[in-house]
Structure formats: C-alpha cells, structure tokens
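J.: Numbering follows numbering that gives the first Met the number 0, in which position 172 of the sequence shown is assigned residue number 171; successive positions increment by one, without gaps.
No residue lacks a Cβ here, since even glycine has one placed at the ideal position from N, Cα and C.
Dropping the structure in here first, questions after.
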Amino acid sequence: MERISFGSQLRALRNSAEYYENGYNHLSQQIFGELVSEYFKDADFTRDTVSKWENGETIIRVEERTKLCAIISVLYRYKSIHSRQESDAFLQMGRYDSLDENEAKMINPEWVNDPALKTDFGENHFSNLPDFPSLWFGRNDDLQNVKNLLKGLNQGNRPIRVMTIHGRAGVGKSALAAKLAHDPELKSQYSDAVLWITLGENANILESLACWGKMLGDQEFQQARTVHEAQSRLSTLLKNKHALLIIDDVWRNEDINFFNVGGPGCITLVTTRDENLAAGLATNSDYVYSLKPLDEENAIRLLNELAPQKATQYPDQCKQLTNVLEGLPLALQIAGRMLRHEIKTGPDILEFIKEINQKSAELEKADPDDRSELIQFTSPTIAAMLEKCVELLNVRTRKGFTFLGSFAAKPYSFDANGLKIAWRTDNPGPTIRALVDHGLVESQPDGNRYQMHLLLALLANNLLSEYEAKKKGLTINTSETIDIPEGKIIVFKSRDPIEGKHTTINHKLHINNPKPGSEITIFDLTNDHKN
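As structure tokens, this is what we get:
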C-alpha cells in the first residue's frame, strides 16, 4: 500500500508542477517521462512508463536511486517540490531512504547542511493530514484566492478568525482544503501545526478533539472525560501556537463551536455544503468562499488525464459527457475511470450518456416520498451517473460496493477488518483494489483505512437497503424436485437481486405414505426449522 501511495503522490506532484513551456499549461505524463529521461544516456521513459509508476503497476526498486533522484529533480525544477524535507517525505511514502548528502547536492547544492534539517520536527504536527490531491485541474486560481483571504484573515486583532469554503457535494471542497494543508507557504507560516479533522453527519466531538491533542504531543489527552474538558485542554495547548485548523465537512453549527480552541496565532478553515452555515461561521462575509464547478476546458483535461486513449479517440463524445456531468470533479473522476476500464467505443460513450439521461428523467418523475436520500444531496443526473457506474462493475465488485452501505451511518470510513466482516471474506484485497481503481473508494494516508465520499456512501446505503428488502421479499420463481427412497426433496430458488443468478432459498422434504391420521412432516432444512 505504501508504494501505491507513492504513485498517487507522484501523480499529485506532477499535476501541480508549474510547467508552461512550448504552449503547454500542465506537465503531462509524456513530457514528464521525457524530462526524467534526460538524466540518463539511453533511457526512454514514455507516458506509459509514468502511468505505471503512478498507478503502482511498476514499482521503482530501492536500488534505483538515480531514477528516484531524477524524478525529484524534475519536480523541484517545476516547483512542485520545494525543499529537501519535502523530498524526503515523498521518498518515505514509498519506504525509500531519505536523500544522502551527494543526492541532495545533485538536486540543489543549497540543500546540503541545510539548517532547517536540524529543526526539532517533534514540535511540528502535520501527520494527520489527508493525502495530497492526486488530480488537480482548474483550481490554481481558487487556491490562490483562498490563500490571499487567509493572509487577510491573519491580520488585525480579530477575536475569531474563521474562513469557510462552501459548494455542492462533489465539487472539490475537501480536495482544495487538502491542497492548502500541504501548501509550503502556509506550513511555514503556521509552523507549529496544521491540524485536520473531518466531522461529517455523525461527528464524534470528543474523539476528534482527542485526535488533535495527540497530534500536539499531549499523550495524556485521552484522560479528558468530557467534551468541555477536552476543549479546555486543547485551548491551553494552542494558546501560544501558530496553527492552521482545518475542519472538513461540517454539518451543524453546534459541532463547530467545540473547535473554537485556537489562540491569537491560529486561524480556522471550515468546509461545508451549507451556504447559510458557511455565512454564519465565517468572521464576516469577506471570508466566505464559494467553490464553483470546473469549466469545460478543465473538465475535459481531467477526463483526458484519466482516460487519455478514449479522450483522444472520441473527443466529441467525451466533451458531451463532461457537459452532462455538470463540471463536478467527483463525477468526472468516476466517469473517467469507467471510460478507462469498462466503456470501449465512441458509441458506448453515447449509450452511457443516453442511459444517464433516461435514469435521470426517471428520478425526477419519482414521487418525492419514493426518492432516495442521495437525491437530497445532488442532482438527478449525478445520481443517475453514479448508479450507472456501479451497474457497470462486475458482480463481485458491485456486491462489495453494495455491502459498504453498512458503513454509511458512520463517517464513511473503514479498515480491512471491517471489510472482512462486511464482505464475509478473509481476503478483501482484490475487491477493495478494484473499488479504489474505479474511484469509488479512496485509501487514507496510513494505507490501513479507506473512505467513501458522502454521495457514494449514500448510494451504497440505498443499494444495500434495496438488496435487503428484496432478499426479505424473495419470490420463488423456480423449483427443482429430487426423488429419494423416502419421498422427495423440493428445492425452491429465487433470483439474487445483485448477482442475477438463481439462489436456493428453501428446501422441503416430503415423506411418502404417512401413517393414517398423521400429518405430513415437512422440514425446512435451510432454516433448521420443523413445521
């Protein structure tokens, strides 16, 4: 999992590189491969090579240090890596050794004997941050706008310094906040800590405060018995700190009140879907930022990054698809992965769009009482697209996604042990990898836990509810009789609502020629129940 995270981070750093040469406005996989190849006499790293590095299909061996240093050199040259510390953190994601003095000197002579390396990083707390966004298109202006607002918020003697970002579900609020959390300039300004917590619908306030306390080095924080005790303790820890506090996915005003713990050197950044909540939480209206969907150009770029072959072969169809998906990065990422894995031709893309529109129309016509919870948080079109993408999965992966609905009441997060229980398997690896590869689940930084976006969690919960309802109300649509000396066994079957194949739901044993006056004995062997 570490090497997969390394590949994801490589993609994220490449996408954030400032490459504007020869008319390009981003560092493509092809150009990146060519730039890395310049460090070798005979090497020829292609787009396919870089793609395999980023997807974890090809692992760079620990002894291939020259290749690793060449990659870092290119990233440093185009300003997506800024320091030796960032280089070492990147290498550590793949379980590679940090740069030695000669390697550091090759990349930047000033990195040798850098006084910053002597800093006690035990006093800096950035370890609970989410992954650096692996795909980054069309958001540089938003990033700079928010950074400028944060700088303004830090000036003056305001008693409360809170900025909010709001926007539709799936528009990329958390990704923007994650990008800010990793921003070198902000990390330097808030050098004591950048703290992150995701609250969600069912926030565990005490646990979240304890997480921050632990990040700040208070190993006794778990002794706090109440939320108010934890809040007081955290306020003391942050009193003289310079920290950026990021609170993601806030649903209720009362939840955020417990996180007013920063001292005069701290500021708070909040993400929420609720525009009214955003306005009420911010210091004033100047510090409410509305994040809009991607424009058409960047939506197409994102789709091209995920499915370059299809985007090149069928540009008109892919353009139509981006327009249907309303510029939402979440929808574009999932659709892009479906293009790469499941949808083969241009007509298939048009059929995909047609089916989305048909399903969307059905959802719009549905009685409000019959609509799923998913429709409350997104448009019928996006809901239809998500449902269609799940339908395109193979049976095992589709069933695995459906059973993730059991986690939907929690913060949409789970580990491998939870998957073993939900899926009733000792080896959840192949299915979870397929779901990650299709963009329906993402791995967390430690590589041991996974999470789903709210919209996907709601969809999984809806599918699981439908599945359970159908299982309870199964109707017998086929039967098979097996003759035995004592009588016969009748096997009743019904079609499984996910797998589409017949599944045995009951057996009954009929005894021939019972004694006069006695009842025929029927055993329900499936439920071990005697009738």
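(1) Below 8 angstroms between beta carbons: does that hold for ILE348 and LEU320?
(2) Give every residue of the same chain whose Cβ lies closer than 6 angstroms to the Cβ of THR163, excluding the five residues on either side of it in the sequence, and list them in chain order.
(3) Measuring straight from C-alpha to C-alpha, what distance separates GLN188 and TYR75?
(4) So if DSSP puts HIS165 in a beta bridge, which residue, or which two residues, is it bridged to?
(5) Is the separation between the beta-carbon of ALA242 and that of LEU205 shorter than 8 angstroms?
(6) Would you please state the rounded distance, in angstroms, between the beta carbons of PHE131 and ALA177? I believe it to be under 8 angstroms.
(7) Indicate the three-state DSSP secondary structure (helix, strand or coil) for TYR77 in the structure shown.
(8) Our contact map puts ALA360 next to TYR411 with C-beta atoms below 8 angstroms; I'd like the distance itself, whole angstroms only.
(9) Note down the Cα distance separating TYR19 from GLY216, rounded to an integer number of angstroms.
(10) Assuming LEU198 contacts ASP140 (C-beta within less than 8 angstroms), just tell me the rounded distance between them.
(11) Less than 8 angstroms between the C-beta atoms of PHE5 and GLY93, yes or no?
(12) DSSP state of SER547, grouped into three classes?
(13) On the DSSP letters alone, give me the boundaries of the beta strand (DSSP E) that GLN448 sits inside.
(14) Can you tell me whether HIS509 is helix, strand or coil according to DSSP?
(15) Mapping the DSSP letters down to three states, classify LEU26 as helix, strand or coil.
(16) Excluding the five sequence neighbours on either side, which residues of its own chain have a C-beta within less than 6 angstroms of the C-beta of GLY212, listed in chain order?
(17) For the ligand GDP, any of its heavy atoms closer than 7 angstroms to the Cβ of ARG76?
(18) What alpha helix (DSSP H) runs, 4 residues minimum, are completely inside the stretch 47-77?
(19) Please state whether DSSP places LEU453 in a helix, a strand or coil.
(20) Hey, how far is the Cα of LEU305 from the Cα of GLY335?
(21) Please say whether ALA16 and SER79 have beta carbons closer to each other than 8 angstroms?
(22) Does ALA202 come out as helix, strand or coil in the three-state DSSP assignment?
(23) In whole angstroms, give me the CA-to-CA distance for GLU122 and TRP110.
(24) Which two residues bound the contiguous alpha helix (DSSP H) that contains THR311?
(25) Output yes if chain D places a C-beta closer than 8 angstroms to the C-beta of VAL435; else output no.
(26) Nearest-angstrom Cα distance between TYR95 and CYS68?
(27) Using CA coordinates, which residue listed in LYS51, SER207, GLU200 and ILE30 is at the minimum distance from ASN252?
(28) Do LEU385 and LEU458 have their CB atoms nearer than 8 angstroms?
(29) In the DSSP assignment, what residue or residues form a beta bridge with ASP247?
(30) Going by beta-carbon coordinates alone, are LEU148 and ARG160 separated by less than 8 angstroms?
(31) Could you give the distance in angstroms between the alpha-carbon of LEU175 and the alpha-carbon of GLN84?
(32) Hey, PHE258 and ILE266 are a contact pair by Cβ (cut 8 angstroms); roughly how many whole angstroms apart?
(33) Using three-state DSSP, classify ASP140 as helix, strand or coil.
(34) What does a CB cutoff of less than 7 angstroms around THR401 pick up in its chain, not counting 5 residues either side in sequence?
(35) Just to check my reading of the structure: GLU274 and HIS165 have Cβ atoms closer than 8 angstroms, yes? What is that Cβ distance to the nearest angstrom?
(36) Looking at the structure shown, is ALA242 part of a helix, part of a strand, or coil, going by DSSP?
T.: Walking through what the data contain:
(1) Yes. Within cutoff.
(2) Scanning its chain for C-beta atoms nearer than 6 angstroms, with the 5 sequence neighbours on each side dropped, one finds around THR163 the residues VAL269, ALA277, LEU280, ALA281 and VAL287, in chain order.
(3) About 21 angstroms.
(4) Looking at the DSSP assignment, HIS165 forms a beta bridge with THR271 and SER289.
(5) Cβ atoms of ALA242 and LEU205: not closer than 8 angstroms.
(6) 7 angstroms between Cβ atoms; contact.
(7) Correct three-state label for TYR77: coil.
(8) Your pair ALA360 and TYR411 does not check out as a contact, with CB atoms roughly 29 angstroms apart and the cut at 8 angstroms.
(9) If I take the Cα positions, the gap works out to 42 angstroms.
(10) In fact, because the Cβ distance is near 27 angstroms, the residues do not count as touching under 8 angstroms.
(11) Yes, the Cβ-Cβ distance between PHE5 and GLY93 is below 8 angstroms.
(12) The structure shown does not extend to residue 547, since the chain is modelled only from 0 through 530, so no value can be given for it.
(13) With the sequence shown as reference, residue 448 is identified as Arg, and Gln is not the correct amino acid for it. Bounds of the beta strand (DSSP E) holding ARG448 are 448-450.
(14) Confidence at HIS509 is low in this model, with a pLDDT of 43, below 50, so its placement is unreliable and the value that follows should be read with caution. The three-state reading of DSSP puts HIS509 in strand, counting E and B together.
(15) Here LEU26 sits in coil by DSSP.
(16) Close CB contacts of GLY212 within its chain, under the 6 angstroms cut and outside five residues either way in sequence, are with PHE220 and LEU233 (chain order).
(17) The ligand content of the structure shown is nil, which means the ligand GDP is not present either.
(18) Along the stretch 47-77, the alpha helix (DSSP H) occurs as fully enclosed runs of 4 or more residues at 64-76, listed in sequence order.
(19) In the three-state reduction of the DSSP assignment, LEU453 falls in the helix class.
(20) Our two residues, LEU305 and GLY335, have alpha carbons roughly 5 angstroms apart in a direct line.
(21) A contact, by the Cβ cut-off of 8 angstroms.
(22) ALA202: coil per DSSP, three-state reduction.
(23) Confidence is the limiting factor: at GLU122 the pLDDT is only 42, short of 50, which leaves the residue's position unreliable, though a coordinate-based value still follows. Their Cα atoms are separated by approximately 21 angstroms.
(24) Looking at the DSSP string, the run of the alpha helix (DSSP H) that includes THR311 is 307-312.
(25) This model lacks chain D altogether, as it is built from one protein chain only.
(26) C-alpha separation (whole angstroms): 11 angstroms.
(27) The shortest Cα separation from ASN252 among LYS51, SER207, GLU200 and ILE30 belongs to GLU200.
(28) Contact: yes.
(29) According to DSSP, which records beta bridges pairwise, ASP247 is partnered with THR197.
(30) LEU148 is not a Cβ neighbour of ARG160, given a cutoff of 8 angstroms.
(31) Cα-Cα distance, rounded: 22 angstroms.
(32) No, PHE258 and ILE266 are not in contact; Cβ-Cβ is about 12 angstroms, not under 8 angstroms.
(33) Reduced to three states, the DSSP call for ASP140 is helix.
(34) Closer than 7 angstroms at Cβ, skipping near neighbours: ALA459, LEU462, LEU463, TYR466 and ILE497.
(35) Right, the Cβ-Cβ distance comes to about 5 angstroms (below 8 angstroms), so this counts as a contact.
(36) In the structure shown, ALA242 sits in a strand (DSSP, three-state: E or B).
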